[in-house]
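Novice: So for the sequence shown, this note's numbering puts the first residue at 1224; every next one is plus one. In this text, a Cβ means the ideal position worked out from N, Cα and C, and glycines have one as well. I have a structure here, written as structure tokens, and I will follow up with some questions on it.
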Amino acid sequence: MEKDTPVRGRDRELAALHHTLDRVVAGQGSVTLVTGPAGSGKSRLLREAALAAGLRGVRRVAIAADPDSALIPGDSLLRGLLGGPEPILASERMRELVAEPERRYWVLAEVRDAIERAALRRPLLITVDDLQWCDDLTLLAVRALPERLAADAVMWLLAGRGADGPPGYLSTLGRLTDGGAGTIELDRLDDDAAAAMAADLLGAAPSADLLAAVHGTGNRPMLISALVRGACEDGSPVRLRQLIRRQLSRLGADARTMLEVASVLSRRLSLPLIAELTHRSPAALLGPVREAHDFLSEDDDGHLVFQHDLIREAVRATVPGAVARTLRREAARIAVRENAPAVEVAALLADSAEPGDEEAIAALRRAAGELASVAPSSAADVSRRALELTPAGSPLRGEIIADSVRLLWLAGRAHEATRLAHSLLSTGAGPAAEAVVRLAIAAVSSQYSFVEAVRQCERAAALPGLPDTTRASLLALEGVNLTMVGDPPRADAVLAEGLDAAARAGDDAARAICLASQSVLALNDQNWTAARDLADEAVAISARVGAAAALWGSTQWRGWLDDIAGRPDLALEHADQGMRAAQRDGQAWLLRQWSMDRCKLMYDAGRLEDARAEAEGVRAMSDELGAGNYADCTALVTVGRVALHAGDLAAARRYDAEAARMRADEAPIVRHAGLWLGALVALADGGDPARVRELLSEAAASFGDRIPALGTPLDPADDVLFVRIARDLGEPEWAARATETIRRRAAANPSFRFLAATVAHVEGRLTEAVAIYREFPRPLPLAVALEDVGTVEALDEACLIYDEVGATRDSSRVRGALRKRGVRRRPRTAAAPGGDGWAGLTPTEREVARRVAEGATNRQVATAMFLSPHTVSTHLRHAFTKLGLSSRVELARLAHQHSDF
């Protein structure tokens, strides 16, 4: 009935949607949130938008959530994208992805690529109804993809129940709102609109009694519809629940039972399952389904569903709680027998199993295992439910607690994990089980807290009777984290013991990690030759046993050594190979690690725009992979320093504010990097000497007497910068101590020529320093040395270098020095939008823009250029800004107008 009546009281909302549809037809993406209580007309508004989209030639993709599928990763998303006559996704590929590790990252990559391809052919309207019931993976897609597809002709229209929903839903609303999403809040209809709707439904003017009842519903469209329908049938208005009970009472016993059983199980009717539960054949349900047609409708995929969630809830309220639990438990047994996915079984068991139910406990544990890589928070909840059902004396409790602790850490719920881990200890679990849970905690916490990882490994390694394989893994991981914490004596002892355990266990992967960690200690002890030799040995072992994807990669560390020795170009070659391997093997976590390396290496190579794009890509990957302490900190310092060179103080301040958490970190290497960034930002932002002095003093204290110690790991060029800052602050003692450290380091490592350049630089032998710097692809240290030389010719060259790398703030400073000498140099102007705008793009931005203009998706570009799709997005966004564009359509049009592109 409602479909044939006009929408009342929503003229302003409809006008806004029509305007946004016109924009998507023009190639501009958008996000609109439609919020309101149940029955306020959100679904109807989405249908109206879909009709208007069809008239404009916009293709609609409809995604609808089901509260009973909230545990199934990607259920809502994949049903919407795989359904319909023209599926957005190829189901065969998605089935393959389900079996792959780290599938959260790759599923989203596939989804994003598919949406991009579809939007290139025809503008898209993607509607998501009942957002509050979406599963974790669908919510992640809704949070992340609109921003990453902002340049595409995609209109996102998302409907949910306002502030009423689980935490994941509320955080999604916050993320989208903060990102600039438009909002439409549906409240009650005004009295005139409510009366008009009642008249439309009746086909006549409503009576005064009926109008009073209409207004008593709070003027919510769904309730008005149900109330008027009840009045038409019975001659008097009633409440929705009363109406449902009355309508149910008029049905035959079979139809009534079918609806009641269906309401307990799911919004969508599974007729085979209902038939089995009611001991009937599916064919025998045809009559009851026809009889219950007023309660049911078909969704976009042709499945029978309850017409509205309020109707399902009202029917379900007629079923006693004990009966509902029994039905769901029996449905779970049937699902297990039919080999249904474990997560579907878990959804039925979560509120129906009784304590001690071994079958339910096993099914929940299997479901937690399936969910772990794509929805760790849901997996943790399922695992904890299994724990609740496990009797206190059961030997399984220790294992389930261990599983739950690991999942809670993966989900970022550290405090819960810690509390639960303590409960494991109180149960008196055996050493082997305790060691496994502590190793799991340490492996995950290495991404968040090096100190916590050390604590867990230390306590686990002290347990008696552990197998050599477990002990080797624990000691190797403890050693890695001790190098990050900054405790060389303990790290040295632990790594020596770890190597012995690895030898006894024949564990070459653990051996490679230990050797790479010993290389770090050697570098910190200023023995660069030993550091390089140990790293080479670790790389050789890793290549032989395939340990490159271990928690801490020796190949990555070897690249860092090349970089700090002045050869970021060599390190980038290794990183590029690592990116290729990570893409080929589907290793999303390793892809982030290599991308983290690349952002720092590109910065050192003077590719500032590329470094910024890569770093922003690393930060964006936290959506799929979770926050990573070391990776995120490296990326944050990189974007902060690029912003300083570019003169973007507003961005630098934002990054510095984020770095506040680094300055409170327990690990000196992280804390120090945050303090160093803070000092650089403070210098650029007015240069308050007291603030800079405070930050640098605290940074020096992070490593005791080791001044300088500036970098992650050390960068000799930063040490030179530290000396300059110390002199400018009037701290000659700091400068003298740092200079002496630089001298000792160079003397101890004469084969590393880049160190000789830094000594010459701080000692004022500038001609020699410039000559040595020219041997290395490190343009920024060379430009600084030329600036210190101070001749017109040297300043001219420094200015050119700064211009070439995009360090506009630095080039402006040098031009000021030239003006004082009576020499004026015109600044290199930024390219204007359109016309000559291509000249303002970096080579990488130009290549990305060219491929996108030719019709490639971000993922196709990423694969061809060995980048992450997130990094491609950043390059594309930067290119759009420089060209004054906002969509792929405009880019393609501009490229067509310029043949030289």
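Kindly identify the DSSP beta-bridge partner or partners of residue 1253.
Specialist: Translated into the one-based positions of the sequence shown, residue 1253 becomes position 30. Partner(s): 1378.
Novice: Just curious, the beta strand (DSSP E) that residue 1352 is in, first and last residue?
Specialist: Walking along the sequence shown from the start, residue 1352 turns up at place 129. Run containing residue 1352: 1347 to 1352, per the beta strand (DSSP E) assignment.
Novice: At the level of alpha carbons, what is the spacing between residue 2153 and residue 1478?
Specialist: Examination of residue 2153 is not possible in this model, given that the chain is present from 1224 through 2124 alone.
Novice: Please report the straight-line C-alpha distance between residue 1818 and residue 1826, rounded to a whole angstrom.
Specialist: As a working mapping, residue 1818 is identified with position 595 in the sequence shown. As a working mapping, residue 1826 is identified with position 603 in the sequence shown. Answer to the nearest angstrom: the Cα atoms are 12 Å apart.
Novice: Kindly give me the distance between the Cβ atoms of residue 1396 and residue 1601, rounded to whole angstroms, as I take these residues to be in contact under 8 Å.
Specialist: The sequence position of residue 1396 within the sequence shown is 173, counting from 1. The sequence position of residue 1601 within the sequence shown is 378, counting from 1. No, residue 1396 and residue 1601 are not in contact; Cβ-Cβ is about 19 Å, not under 8 Å.
Novice: Of all the options 2086, 1738, 1996 and 1553, which has the alpha carbon lying nearest to the alpha carbon of residue 1754?
Specialist: The residue labelled residue 1754 in the question sits at position 531 within the sequence shown. Of the listed residues, the one whose Cα sits closest to residue 1754 is 1738.
Novice: Of all the options 1981, 2109 and 1515, which has the alpha carbon lying nearest to the alpha carbon of residue 1250?
Specialist: Here residue 1250 is taken as the residue at index 27 of the sequence shown, counted from 1. Nearest C-alpha to residue 1250: 2109.
Novice: Would you say residue 1254 and residue 1404 are within 9 Å of each other, going by their C-beta atoms?
Specialist: Start at 1 with the first residue of the sequence shown, and residue 1254 comes out as number 31. Start at 1 with the first residue of the sequence shown, and residue 1404 comes out as number 181. Cβ atoms of residue 1254 and residue 1404: closer than 9 Å.
Novice: Tell me whether residue 1686 sits in a helix, a strand or coil according to DSSP, three-state version.
Specialist: Residue numbering aside, residue 1686 sits at position 463 when the sequence shown is read from its first letter. Reduced to three states, the DSSP call for residue 1686 is coil.
Novice: Given this structure, state the Cα-to-Cα distance separating residue 1713 from residue 1683, to the nearest angstrom.
Specialist: What you label residue 1713 is simply residue 490 of the sequence shown in a count that begins at 1. What you label residue 1683 is simply residue 460 of the sequence shown in a count that begins at 1. Cα to Cα, residue 1713 sits roughly 16 Å from residue 1683.
Novice: Considering just the uninterrupted stretch of the alpha helix (DSSP H) at residue 1421, what are its terminal residues?
Specialist: The count along the sequence shown starts at 1 and reaches residue 1421 at position 198. 1414 to 1425 is the span of the alpha helix (DSSP H), which, as asked, contains residue 1421.
Novice: Please state the DSSP three-state secondary structure of residue 2046.
Specialist: Within the sequence shown, residue 2046 is the residue found at index 823, counting from 1. Coil, per DSSP.
Novice: According to DSSP, residue 1953 sits in a beta bridge with which residue or residues?
Specialist: Looking up residue 1953 in the sequence shown gives position 730. DSSP, once it has assigned bridges, lists no residue as partnering residue 1953.
Novice: Nearest to residue 1709 by alpha carbon, out of 1740, 1719, 1586 and 1679?
Specialist: Locating residue 1709 in the sequence shown gives position 486, counting from the first residue. Closest by alpha carbon: 1740.
Novice: Terminal residues of the continuous alpha helix (DSSP H) containing residue 1287?
Specialist: For the purposes of this step, residue 1287 is identified with residue 64 of the sequence shown, where counting begins at 1. Element bounds for residue 1287: not the alpha helix (DSSP H) but the beta strand (DSSP E), 1282 to 1287.
Novice: Which partner residues of residue 1491 appear in the DSSP bridge assignment?
Specialist: Along the sequence shown, read from residue 1 onward, the residue named residue 1491 stands at position 268. DSSP output for residue 1491 lists 1528 as bridge partner(s).
Novice: Run the CB neighbour count on residue 2015, radius 10 Å, all protein chains shown included, and call it buried at 16 or more, exposed below.
Specialist: Counting from 1 along the sequence shown, the entry for residue 2015 is found at position 792. By the neighbour-count rule (16 or more Cβ atoms within 10 Å), residue 2015 is not buried but exposed.
Novice: Please report the residue range of the beta strand (DSSP E) in which residue 1406 lies.
Specialist: Counting from one through the sequence shown, the residue named residue 1406 turns up at place 183. Residue 1406 -> beta strand (DSSP E) spans 1405 to 1408.
Novice: Measuring alpha carbon to alpha carbon, tell me which residue in 2095, 1979, 2113 and 2107 is nearest residue 2076.
Specialist: To locate residue 2076, count along the sequence shown from 1; it is residue 853. Answer by Cα proximity: 2113.
Novice: Measure the C-alpha to C-alpha separation of residue 2120 and residue 2062 and round it to an integer number of angstroms.
Specialist: Residue mapping note: residue 2120 aligns to position 897 of the sequence shown, counting from 1. Residue mapping note: residue 2062 aligns to position 839 of the sequence shown, counting from 1. One C-alpha to the other measures close to 15 Å.
Novice: Looking only at DSSP bridge pairs, what is residue 1258 linked to?
Specialist: Position 35 of the sequence shown, counting from 1, holds the residue named residue 1258. 1383 and 1408, per the DSSP bridge assignment.
Novice: What's the gap between the Cα of residue 1322 and the Cα of residue 1605?
Specialist: Position 99 of the sequence shown, counted from the first residue, corresponds to residue 1322. Position 382 of the sequence shown, counted from the first residue, corresponds to residue 1605. Bear in mind that a pLDDT of 49 at residue 1322, under 50, signals an unreliable position, so the number given afterwards is only what the model happens to contain. Looking at the two C-alpha atoms, the distance is approximately 20 Å.
Novice: According to DSSP, is residue 1872 part of a helix, a strand, or is it coil?
Specialist: In the sequence shown, counting from the first residue as 1, residue 1872 sits at position 649. In this structure, residue 1872 counts as helix in the three-state DSSP scheme.
Novice: Cα-Cα, which of 1857, 1893 and 1900 is closest to residue 1867?
Specialist: Looking up residue 1867 in the sequence shown gives position 644. Residue 1900 is the option with its Cα nearest to residue 1867.
Novice: What is the rounded straight-line gap between the Cα of residue 1843 and the Cα of residue 1506?
Specialist: Locating residue 1843 in the sequence shown gives position 620, where the first residue counts as 1. Locating residue 1506 in the sequence shown gives position 283, where the first residue counts as 1. Cα to Cα, the separation comes out at about 51 Å.
Novice: For residue 1380 versus residue 1351, is the C-beta spacing smaller than 9 Å?
Specialist: To locate residue 1380, count along the sequence shown from 1; it is residue 157. To locate residue 1351, count along the sequence shown from 1; it is residue 128. Yes; because the gap between Cβ atoms is below 9 Å, this pair is in contact.
Novice: On the premise that residue 1757 lies in contact with residue 1745, defined as a C-beta separation below 8 Å, what is that separation, rounded to the nearest angstrom?
Specialist: Residue numbering aside, residue 1745 sits at position 522 when the sequence shown is read from its first letter. Residue numbering aside, residue 1757 sits at position 534 when the sequence shown is read from its first letter. Residue 1745 to residue 1757, Cβ: 6 Å. Contact.
Novice: Would residue 1863 be called buried (16 or more neighbouring beta carbons within 10 Å of its own) or exposed?
Specialist: As a working mapping, residue 1863 is identified with position 640 in the sequence shown. The residue is buried, with at least 16 neighbouring Cβ atoms inside 10 Å.
Novice: Could you tell me which residues DSSP pairs with residue 1520 in its beta bridges?
Specialist: As a first step, residue 1520 is located in the sequence shown; it is residue number 297 there, counting from the start. According to DSSP, residue 1520 bridges with 1528.
Novice: Find out if the Cβ-Cβ distance for the pair residue 1468, residue 1541 is shorter than 9 Å.
Specialist: Translated into the one-based positions of the sequence shown, residue 1468 becomes position 245. Translated into the one-based positions of the sequence shown, residue 1541 becomes position 318. Yes; because the gap between Cβ atoms is below 9 Å, this pair is in contact.
Novice: Using only the alpha-carbon positions, how far apart do residue 2104 and residue 2097 sit?
Specialist: Walking along the sequence shown from the start, residue 2104 turns up at place 881. Walking along the sequence shown from the start, residue 2097 turns up at place 874. If you take the alpha carbons of residue 2104 and residue 2097, they lie about 11 Å apart.
Novice: Under DSSP, the alpha helix (DSSP H) around residue 1311 begins and ends at which residues?
Specialist: Here residue 1311 refers to the residue found at position 88 when the sequence shown is read from its first residue. It is not in any alpha helix (DSSP H) - residue 1311 carries neither H nor E in the DSSP assignment.
Novice: Out of 1335, 1287, 1556 and 1288, which one is the CA nearest neighbour of residue 2095?
Specialist: The residue you call residue 2095 lines up with position 872 of the sequence shown. Selected option, being the one with the closest Cα: 1335.
Novice: Give the secondary structure of residue 2093 by DSSP, where H, G and I count as helix, E and B as strand, and everything else as coil.
Specialist: As a first step, residue 2093 must be located in the sequence shown, where it is residue number 870. Residue 2093 falls in the helix class under three-state DSSP.
Novice: The alpha helix (DSSP H) spanning residue 1778 covers which residue range?
Specialist: Translated into the one-based positions of the sequence shown, residue 1778 becomes position 555. Where residue 1778 is concerned, the enclosing alpha helix (DSSP H) stretches over 1777 to 1787.
Novice: Under 9 Å between the Cβ atoms of residue 1399 and residue 1300?
Specialist: As a working mapping, residue 1399 is identified with position 176 in the sequence shown. As a working mapping, residue 1300 is identified with position 77 in the sequence shown. Cβ distance not < 9 Å, so residue 1399 and residue 1300 don't count as in contact.
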